[in-house]
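Numbering (my numbering), first residue to last: 629 to 740.
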């Protein structure tokens, strides 16, 4: 893995380390939304929500566009796919080891 990929993973996982940012990602998974719409369920200021959005944007997990007066936020599915791919590498390796262990245990049980 190159340095850029490691840096991106660090930023992405750090961004997801906050429960408010995870809630924003969950909300954006349903549809695009403005800062005002994203701020509605939280008891924090819109400025605080904007800072959380900026962290997610810097991490490359969301994007923002301009639509007249609206500046909707969009979840970047490719970024989530990159994270999932990275996690799957380790999940698959772990599952493979568990299957091997199951096979050894099964063989040992049959030999008894």
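We put the beta carbon where it would ideally sit given N, CA and C, even for glycine.
Keep in mind it's a predicted model, so treat the numbers as computed, not measured.
Secondary structure note for residue 648: it is in no beta strand (DSSP E), and the uninterrupted alpha helix (DSSP H) holding it is 647-658. Annotated three-state conformation of residue 692 is strand, per DSSP. Rounded to whole angstroms, the Cβ separation of residue 681 and residue 690 is 7 Å, and the two are in contact under 8 Å. Shown here, residue 661 sits in a strand according to DSSP, grouped into three states. For residue 646 and residue 731, the gap between their C-alpha atoms comes out near 40 Å.
Taking 3 residues as the minimum length, the beta strand (DSSP E) runs contained wholly in the stretch 698-736 are 701-703, in order along the chain.
In terms of CA proximity to residue 662, 692 leads the group 710, 692, 633. Around residue 657, the same chain offers 703 as residues with beta carbons nearer than 7 Å, after the five sequence neighbours per side are excluded.
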